[in-house]
Amino acid sequence: MLRPDEGDDGGAMRQELTTLKADAALTRLEFALVRESWLETRRVADDVADRAARRERFAARLAEAALANEAMLLDRLGALRLSRRDIPKVTAARRDALATWDRADALARPASPADPDRAAARRLFEDALVHRFVGRINAERQQALGIGQYIWRSRDDRRVRPLHARHDDQVFDWDEPPEDGHPGEAFNCRCIAEPFVDDAPEWRPTIDRAYDRAIALAVLAGGLDAVVDFVSDFIPSADDLWALLAAIRTVAETGSEAAQLAYLVVKEQLLGLTAAETARRDALLGAARDWVDGLAASLADAPDLARALVEAVQAVEARPEALDAAHRQGLATRADVEAAYQERARLRTLAALYGLATVPSGVVAARSLVARLLRGRVLGDDASAAELAALARRARVLSPDADWERVANPGIVWGKGIRAQGEPWERYLAATGELGERIEDRARNFKTFDFYDENTGLATSAKTLDTDALGYRRSPKNVFYSLKHYINQVRWFRKYDVGEYHITLDMIDRRRIELAISANSTSEQIAEINRARAYAESLGVEFNVRIIK
Numbered sequence: 001m002l003r004p005d006e007g008d009d010g011g012a013m014r015q016e017l018t019t020l021k022a023d024a025a026l027t028r029l030e031f032a033l034v035r036e037s038w039l040e041t042r043r044v045a046d047d048v049a050d051r052a053a054r055r056e057r058f059a060a061r062l063a064e065a066a067l068a069n070e071a072m073l074l075d076r077l078g079a080l081r082l083s084r085r086d087i088p089k090v091t092a093a094r095r096d097a098l099a100t101w102d103r104a105d106a107l108a109r110p111a112s113p114a115d116p117d118r119a120a121a122r123r124l125f126e127d128a129l130v131h132r133f134v135g136r137i138n139a140e141r142q143q144a145l146g147i148g149q150y151i152w153r154s155r156d157d158r159r160v161r162p163l164h165a166r167h168d169d170q171v172f173d174w175d176e177p178p179e180d181g182h183p184g185e186a187f188n189c190r191c192i193a194e195p196f197v198d199d200a201p202e203w204r205p206t207i208d209r210a211y212d213r214a215i216a217l218a219v220l221a222g223g224l225d226a227v228v229d230f231v232s233d234f235i236p237s238a239d240d241l242w243a244l245l246a247a248i249r250t251v252a253e254t255g256s257e258a259a260q261l262a263y264l265v266v267k268e269q270l271l272g273l274t275a276a277e278t279a280r281r282d283a284l285l286g287a288a289r290d291w292v293d294g295l296a297a298s299l300a301d302a303p304d305l306a307r308a309l310v311e312a313v314q315a316v317e318a319r320p321e322a323l324d325a326a327h328r329q330g331l332a333t334r335a336d337v338e339a340a341y342q343e344r345a346r347l348r349t350l351a352a353l354y355g356l357a358t359v360p361s362g363v364v365a366a367r368s369l370v371a372r373l374l375r376g377r378v379l380g381d382d383a384s385a386a387e388l389a390a391l392a393r394r395a396r397v398l399s400p401d402a403d404w405e406r407v408a409n410p411g412i413v414w415g416k417g418i419r420a421q422g423e424p425w426e427r428y429l430a431a432t433g434e435l436g437e438r439i440e441d442r443a444r445n446f447k448t449f450d451f452y453d454e455n456t457g458l459a460t461s462a463k464t465l466d467t468d469a470l471g472y473r474r475s476p477k478n479v480f481y482s483l484k485h486y487i488n489q490v491r492w493f494r495k496y497d498v499g500e501y502h503i504t505l506d507m508i509d510r511r512r513i514e515l516a517i518s519a520n521s522t523s524e525q526i527a528e529i530n531r532a533r534a535y536a537e538s539l540g541v542e543f544n545v546r547i548i549k
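Using the UniProt record's numbering, the letters of the sequence shown correspond one by one to residues 1 to 549.
Have a look at this one:
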C-alpha cells in the first residue's frame with residue numbers, strides 16, 4: 001500500500017479506495033444473492049413440505065369418507081350379511097381425486113396467513129372434490145354389489161338446492177339418473193344415495209278360471225295337432241278344419257276307430273262334444289302308456305329305440321303337473337304350462353291314433369309315432385333313440401334356460417357399472433336390426449326404452465344383470481326384485497320426451513325386455529329370472545333372456 005509521506009500525490013490511494021469499495025459492494029451483492037437463493041430454497045422447501053402436508057391431509061379426508069361410506073353400506077345392507085372385505089375398493093376413484101387435486105394445486109397461488117380468501121377458496125374446492133368422490137364411490141360400490149336403485153337423501157338444510165330437496169326420499173335407478181345427476185355429481189352436492197333393496201312379499205301368479213280355460217284350450221290344441229300330423233299321410237291338405245272334419249267323418253263311418261277318434265278330436269275343437277261323444281273319445285284315447293307299451297313291444301329288433309320311446313313318453317307325461325306346480329310358485333310362466341299340456345295331449349292322441357290304426361303294421365306304426373315325436377324327422381334307430389333320450393331330458397328340466405340363446409360376449413364388462421355393461425349390449429341388439437331404431441341415436445338419456453319400431457309399435461328396454469355381483473349371490477331373490485322393477489317401468493310407461501323426440505302410450509302396441517345375463521348365473525338365480533318371466537307375462541310384457549358366454 002502507498003503512503004502519503006512517500007511522496008505520492010494521493011491518486012493511487014484514491015484508486016485503491018475505489019477498488020476496495022467496489023470489492024466490498026460486490027461482496028455484499030454476492031452475499032445478498034446467496035442469501036436470497038438460500039431464502040428461496042427455504043421457501044421452495046417450505047412450499048414442498050406444505051404441499052405434501054396439505055396433500056396428505058386431503059388424502060386422509062378421502063380415506064375417512066371411504067370408511068364412512070363403507071359403514072353406511074354395511075348398515076343399510078345388513079340383510080346381505082356383508083363384511084368389510086366384501087365392500088369394493090376405491091383405488092381408481094381415490095387416484096382420480098388426488099390427480100384432480102394435484103392439477104388444481106399446481107395452478108393455484110400459494111395461500112398465506114395474509115391471504116385468507118385463498119385459503120378459504122382452497123377449502124371449498126376440497127370440500128366439493130370430497131363430495132364428488134363420495135358420490136362416485138357410493139355409486140360404484142352399490143352397482144358392484146348388485147344394487148340397482150337408491151333412495152335420495154338430502155341434507156335438509158337451507159343450503160340444499162330446491163331440485164335436490166324435491167328428490168328427497170324418492171327412489172331412483174342407477175341406470176337412469178334424475179335431472180342434475182345422481183347424488184354427489186352436481187358441484188358441491190352433499191346429498192347421499194342410500195341403497196334400496198325391495199323386501200316385498202314373494203310374488204305369486206293369480207290362478208283363476210282364465211288359467212283353467214287356457215289349459216283346456218291347450219289340451220284341445222294338442223289333440224288337434226296330433227290329428228293333423230296323423231292324417232297328413234292320407235289327406236294332403238289339412239288346413240281347412242271343416243273340410244278335414246268332413247273327410248275324417250267319411251272314414252269314421254266305415255268303422256275305423258282311429259278315424260272315429262280323429263273325428264271326435266276335430267269336432268270338439270269346432271263344435272264341442274256331447275256327453276256321450278266325450279265318453280267315447282276318452283274310451284278310444286285310453287291310457288297313452290298302454291298304447292306306447294304295445295307299440296314299443298313291436299320294436300323287438302331295436303330295443304334301445306323301444307326303451308327310449310317309453311322313457312320319452314314318461315317324461316312328457318309327467319311334465320305338465322310339474323310345471324303347473326312351478327307356475328303356482330311363480331317359477332314358470334303360464335305359457336310354459338300351456339305348452340307342456342299341449343305337447344302331452346298331442347303325444348297321447350298320436351299314441352292312440354297309431355295304436356288304433358289297422359293299416360300300418362305294429363312296427364310301422366311304432367316308427368311312425370317316433371317320427372312324429374321327432375317332428376317329422378325320419379332317422380336311423382340309433383339316431384332316433386338318441387333324439388328321444390334328449391327329448392326326455394329336456395322334458396324333465398322345468399327351467400327353459402337350456403334353450404336360451406347363448407351369445408358371444410359383445411364387449412360387456414361385468415362389474416364395471418351400468419355403462420360398461422349396457423352400451424355394448426345395446427350396440428349388439430342394434431346390429432341385429434330386429435328392434436327398430438336405437439333411441440340413443442335420436443335422443444340421449446331417454447327413459448325406460450332403448451329401441452322403438454314405429455312399424456310394429458314394439459318398444460324395447462335393453463337390460464343387463466351382473467349375476468356375479470355379491471348382492472345377487474348372497475340373496476338371489478334380489479335378482480327378481482331388480483327385474484320386477486324393470487318390468488314395472490316398462491309396463492306402466494306412459495310418455496316421455498327429449499327435445500322433439502317422444503314416445504306416448506298410443507304409440508306402443510307391444511312392450512319387451514331384452515335381458516343379458518352372465519353364463520355364471522346359479523340355479524337359484526335362474527329360478528328368480530323365471531319368476532321374473534312369469535311376472536312379466538302376467539303384465540303382458542315380453543321377456544327374452546340371452547346368456548353371455
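Don't be surprised by glycine CBs; every beta carbon is placed ideally from N, CA and C. Remember, it's a predicted structure, so these values are computed and weren't measured experimentally.
Three-state secondary structure assigned by DSSP to residue i
i           : result
K477        : helix
K484        : helix
A462        : strand
K267        : helix
R190        : coil
F449        : coil
E179        : coil
K21         : helix
D324        : helix
E434        : coil
I547        : strand
F125        : helix
R158        : coil
D301        : coil
K198        : Note that residue 198 corresponds to Asp in the displayed sequence, not to Lys. The answer is coil: DSSP assigns D198 none of H, G, I, E or B.
I412        : coil
residue 598 : Outside the shown range of the chain, which is 1 to 549, sits residue 598, and nothing can be said about it.
R81         : coil
is_contact[residue i, chain D] using C-beta, thresh 8 Å
i    : result
T467 : Reference to chain D is not applicable here, since this structure consists of a single protein chain.
Close beta carbons around residue i, own chain, < 6 Å, minus the five adjacent residues each side
i    : result
Q421 : I412 and T464
R533 : T333 and F543
Q489 : T448
Through-space distance from residue j to residue i, alpha-carbon basis
i    : j    : result
R213 : D282 : 19 Å
L398 : V316 : 11 Å
P88  : R141 : 6 Å
R512 : T460 : 5 Å
I192 : L331 : 36 Å
P303 : A318 : 23 Å
G355 : D229 : 15 Å
R438 : F451 : 5 Å
A165 : A108 : 34 Å
A322 : D466 : 29 Å
Q143 : A92  : 15 Å
A383 : A300 : 17 Å
D468 : V90  : 19 Å
Member of the options whose CA lies at the smallest distance from the CA of residue i
i    : options                   : result
G135 : R122, R118 and R153       : R153
L77  : N138, R348, T274 and V197 : V197
A392 : A408, D468, K447 and R307 : R307
R473 : A106, L98 and L145        : L145
A139 : M72, E56 and Y263         : M72
A79  : S518, D506, N478 and A527 : N478
D102 : Y535, V48 and A65         : V48
W404 : R419, S521, A108 and A186 : S521
V130 : R85, Q170, A60 and R118   : A60
First and last residue of the uninterrupted beta strand (DSSP E) at residue i
i    : result
D513 : According to the sequence as given, residue 513 is Ile; it is not Asp. That run of the beta strand (DSSP E) goes R510 to S518.
W152 : Q149 to R153
V171 : V171 to D173
V541 : No beta strand (DSSP E) contains V541, which DSSP labels as neither H nor E.
Nonlocal neighbours in the same chain, by C-beta distance under 7 Å from residue i, ignoring five residues either side
i    : result
L309 : V292, A296, V370 and L388
Y443 : For the record, residue 443 in the displayed sequence is Ala; it is not Tyr. Within the same chain, A443 has close Cβ partners V498, G499 and Y501.
A221 : Q342
P178 : H167 and F172
R95  : none
Residue interval of the alpha helix (DSSP H) (run including residue i)
i    : result
W291 : A288 to A297
V228 : R209 to V231
I87  : Unbroken run through I87: none, as it is neither H nor E.
I248 : L241 to A252
Beta-carbon contacts of residue i that lie in its chain and below 8 Å, excluding the five residues immediately before and after
i    : result
H485 : G148, Q149, D173 and D198
R328 : R204, P205 and I207
T250 : none
E524 : P476
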